[in-house]
């Protein structure tokens, strides 16, 4: 397909100012971005943008997409009760097919929030990958040690995706966290990380308890532990990263690691506030993720951007901390860096066409003074006029253009949810 | 007009569970709410709700609506610089007509967020009231001492609105704050409060600086000061209320005062966190407001609800603090109490028809497990399918049905914004 977007405001996210112009998408890449000119080619569709804004899609850098079945299932509970008495039991009966269908419900929400790529970590990742391919969602997916994949399974699947140049999906290696992982599991993932020379990600320094207990047990922080083991030798980073020492920050700088901050989850679960402003000023790459629908419960990058600046200003008691433009970078280009999506970071000829259109004709975008600040400070899902992934328009004007009927996705996820909760006596 | 809403989920907000049923609106009041039955009457319009949720509209209990012209004009600046070098100078050239047009832009945003009433405090309130009437927005509006209204003007305008039984609008009396008000102004408002036996509202204990300086100057807190002067003799309350002593809380309980919390403004301006959970547990009525578009910049009750529970859980480091159901009460019935809108608090026969419809067919509302938690934890403006004020549908499926063309409201507010900013050399 060949699309011409006419008369758009364009925010490349490469440091240039917003300008008026055209953008052409050919197949899955950007073929032109610049001034409005008379294009000689023919197009499958010409889209009049009426001054609405084209920009790179949001990168949701920490997700457990299939956990939608736990949304509003058990909330406002103390953390341990929520986790051990509600979430963990309900997850026990999940099948690979459940993962496939539940993932699609999360993807619909990603599209409605302008999210064009996610970084997922959950059970049966090969079924998640299948959902991504059928649906058209771009993702980076983690392999963790499990009972159902041998090392050879993981290597075979990794190489298959890695060698597929057209693939929307890639794998990387991860562990759940320092406090839930055995030495054998650490060694297995370490071996794979070194074999393929790839980055490593994990839940990291999310709670004070986790960090305190690691010091007690190992005499060092979780970050120091993973560094010592060599897991960061090829980069990567951590999700959450709330309780970081100065030494931890130095490790992040040394290995060029990324912090994926999850303010929605961190506040709902009362974990604490990640000091993004301090990390940013130290030169650490910070990006944003929603975490899973059980702990957020919202898969919305506008929410994460809003909480990011709100927490930063309060944490520093300084209204000038973490300016809007930096927050927008975190949600886009910094996320691309963390996901190793160098091809889908900015709007430039040759880049992958992962593009969103921001509706500036809604009252929350007026007056038009500073559009970037408008997006961060007052934007919401109502402003996502279009979401394009890999050159395909999957969402436009509130409607979804995906492989499966939306009502069917809703119905299946509802049935699976009831099945899973009934199995543990949590559905009446 | 007579409307029949069929096959809706209904959340009355009176403590009853959500149920399936019908709701009838006749003129500006609710004429039926209950089971789905065969209604014999004829209707101007029958609305098939398809299981979407009807509930009372949100009450935005602290606004400076006309300040939309300062949205994204000066942000991410230290508080004093923002206020004294940007906001105050830009406000100097405001006219009553500007107020009229700018207010309407804010109202559009209120509709898109399901806000059916606002509590406004700004310049030229009679022009704000005119905008409310022309547009159809319900409001409670504050009179502050100004150079352009004599006491007699204020009394005449107050009585006119008070005696108008069909009016969408009411006045009350207020001061800007303890730290910006002279004794003469305090005495004037005190006289009017006692003359009419009406509540008093003001910006209150918003910053530590304000409270510290009041102790230094008067040997008491701003709340103690206003109590001593008698301003709370007929109730009312304060906006922000971040720095309250136990004695202050006792005063709020004694006079049955309301705290209007403004988490969006308090974080963007780095003022601090209002301890809503403590106030709620002490029995104080707490409701929510967006504050003005300069200090938020978003006029969105979903944002305020989200920040309210996020801050409460973090402030108490307890994931069970301030449950979603309490947050929803704050945004609706608690707000009605603060605004003295007893007739527009819940969905019950005879109540004013200030009703919103929540779209449950969006992915962020699925699966359908606990709808109240879904609204608070993952709701956004995309879920506002309809906003009805005083029996009139002013917003439906993303479109506005108001007195003036939306594009004209946008254009006028843009022109006024440019005029005001140019006048102080802040527009290139």
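Protein chains in written order, with our numbering: chain Y, 1061 to 1488; chain V, 1061 to 1488. The beta-carbon is built from N, C-alpha and C at its ideal position, and this holds for glycine as well. Quick caveat, the model's predicted, so the values are computed rather than measured.
Legend entry - Cβ neighbour criterion (16 or more within 10 Å) applied to residue 1119(V): Residue environment: residue 1119(V) is assigned as buried (16 or more neighbouring CB atoms within 10 Å of its CB, all protein chains considered).
Legend entry - Which of helix, strand or coil DSSP assigns to residue 1116(Y): In the three-state DSSP reduction, residue 1116(Y) falls in the strand class (E or B).
Inset, instruction - Classify residue 1216(Y) as helix, strand or coil using the three-state DSSP reduction. - result: Here residue 1216(Y) sits in helix by DSSP.
Inset, instruction - Measure the C-alpha to C-alpha separation of residue 1473(Y) and residue 1458(Y) and round it to an integer number of angstroms. - result: Using only the alpha carbons, I get a separation of about 20 Å.
Legend entry - Secondary structure of residue 1257(Y), DSSP reduced to three states: Correct three-state label for residue 1257(Y): coil.
Legend entry - Which of helix, strand or coil DSSP assigns to residue 1302(Y): Three-state DSSP puts residue 1302(Y) in coil, outside helix and strand.
Legend entry - CB contact flag (residue 1451(Y), residue 1087(Y), <8 Å): At the C-beta level, residue 1451(Y) and residue 1087(Y) come within 8 Å of one another.
Legend entry - Local conformation of residue 1406(V) per DSSP, three classes: Under the three-state reduction of DSSP output, residue 1406(V) falls in the coil class, being neither helix nor strand.
Legend entry - Element boundaries [alpha helix (DSSP H), containing residue 1477(Y)]: That run of the alpha helix (DSSP H) goes 1466 to 1482.
Legend entry - Under 8 Å from the C-beta of residue 1330(V): neighbouring residues of chain Y: In chain order, 1373, 1374, 1376, 1377, 1378, 1379 and 1381 make up the part of chain Y whose C-beta sits under 8 Å from the C-beta of residue 1330(V).
Legend entry - Residues from the region 1125 to 1139 of chain V in contact with chain Y, defined by Cβ distance under 8 Å: Hits within the stretch, in order: 1128, 1129, 1131, 1132, 1133, 1135, 1136, 1137, 1138 and 1139.
Inset, instruction - Spell out whether any CB of chain Y is found under 8 Å from the CB atom of residue 1384(V). - result: So yes, residue 1384(V) belongs to the interface.
Inset, instruction - Starting from residue 1124(Y), follow its DSSP beta bridges and name the residues at the other end. - result: Beta-bridge pairing links residue 1124(Y) to no other residue.
Inset, instruction - Compare the C-beta of residue 1433(Y) with all C-beta atoms of chain V and state if any pair is closer than 8 Å. - result: Using a CB distance cut-off of 8 Å, residue 1433(Y) counts as an interface residue toward chain V.
Inset, instruction - Using a Cβ cut-off of 7 Å, pull out every chain Y residue sitting near residue 1363(V), in sequence order please. - result: Neighbours of residue 1363(V) on chain Y, chain order: 1366.
Legend entry - Residue ranges of each beta strand (DSSP E) within the region 1308 to 1383 of chain Y, 3 or longer: Segments of the beta strand (DSSP E) lying fully in the region 1308 to 1383 of chain Y: 1318 to 1321 and 1345 to 1348.
Inset, instruction - Give me the Cα-Cα distance between residue 1408(Y) and residue 1093(Y), rounded to the nearest whole angstrom. - result: Within the model, the alpha-carbon separation for residue 1408(Y) versus residue 1093(Y) is close to 6 Å.
Inset, instruction - Indicate the three-state DSSP secondary structure (helix, strand or coil) for residue 1229(Y) in the structure shown. - result: Residue state, collapsed to three classes: strand.
Inset, instruction - Determine the burial state of residue 1324(V): buried for a count of at least 16 other Cβ atoms within 10 Å of its Cβ, exposed for fewer. - result: By the Cβ neighbour-count rule, residue 1324(V) is buried, with 16 or more other Cβ atoms within 10 Å of its own.
Inset, instruction - Can you give me, in chain order, the residues of the region 1177 to 1199 of chain Y that have a beta carbon less than 9 Å from any beta carbon in chain V? - result: Those residues of the region 1177 to 1199 of chain Y that come within reach of chain V (Cβ to Cβ, closer than 9 Å) do not exist; the list is empty.
Inset, instruction - Go to residue 1271(Y), then tell me how far its alpha helix (DSSP H) extends in each direction, as first and last residue. - result: In the DSSP annotation of this structure, the continuous segment of the alpha helix (DSSP H) that includes residue 1271(Y) starts and ends at 1268 to 1278.
Legend entry - 7 Å Cβ cut-off: residues of chain V touching residue 1123(Y): Here the premise fails: no neighbours, minimum Cβ distance about 14 Å.
Inset, instruction - Less than 8 Å between the CB atoms is what I'm expecting for residue 1196(V) and residue 1449(V), so what's the real figure, rounded? - result: Correct: roughly 6 Å between the Cβ atoms.
Legend entry - DSSP three-state assignment for residue 1153(V), whether helix, strand or coil: Coil at residue 1153(V), not helix or strand.
Legend entry - Supposed close pair residue 1028(V), residue 1391(Y) - CB separation, criterion 8 Å: The question about residue 1028(V) has no answer, for chain V in this structure spans 1061 to 1488.
Inset, instruction - Run the CB neighbour count on residue 1096(Y), radius 10 Å, all protein chains shown included, and call it buried at 16 or more, exposed below. - result: Burial check for residue 1096(Y): the Cβ neighbour count within 10 Å stays below 16, so the residue is exposed.
Legend entry - Exposure of residue 1010(V), with buried meaning 16 or more beta-carbon neighbours within 10 Å: As shown, chain V starts at 1061 and ends at 1488. That puts residue 1010(V) outside it, with no answer to give.
Legend entry - Cutoff 8 Å: residue 1165(Y) Cβ touching any chain V Cβ: Using a CB distance cut-off of 8 Å, residue 1165(Y) counts as an interface residue toward chain V.
Inset, instruction - Take the Cβ of residue 1208(Y) as the centre, count every other Cβ of all protein chains shown within 10 Å, and call the residue buried at 16 or more, exposed below. - result: With fewer than 16 other Cβ atoms within 10 Å, it is exposed.
Inset, instruction - Tell me, please, whether the CB atom of residue 1474(V) is closer than 8 Å to any CB atom in chain Y? - result: Taking Cβ atoms only, chain Y reaches closer than 8 Å to residue 1474(V), which makes this a yes.
Legend entry - Span separating the alpha-carbon of residue 1255(Y) from that of residue 1237(Y): About 21 Å.
Inset, instruction - Taking all protein chains shown into account, decide if residue 1225(V) is buried (16 or more other Cβ within 10 angstroms of its Cβ) or exposed. - result: Burial state of residue 1225(V) is exposed, judged by a 10 Å Cβ sphere holding fewer than 16 other Cβ atoms.
Legend entry - Contact list for residue 1430(Y) against chain V, beta-carbon separation under 7 Å: By Cβ distance, chain V contributes 1132.
Inset, instruction - Measure the CB-CB distance between residue 1370(Y) and residue 1164(V) and report whether it falls below 8 Å. - result: The answer is no: Cβ separation not under 8 Å.
Legend entry - Selection of the region 1108 to 1122 of chain Y by Cβ proximity to chain V, strictly under 7 Å: Against chain V - using a Cβ distance shorter than 7 Å - the region 1108 to 1122 of chain Y contributes no residues.
Inset, instruction - Could you pull out every residue in the same chain whose Cβ sits closer than 6 Å to the Cβ of residue 1072(Y), ignoring the five residues on either side in sequence? - result: For residue 1072(Y), where only same-chain residues beyond five positions count, the Cβ hits under 6 Å are 1406 and 1407.
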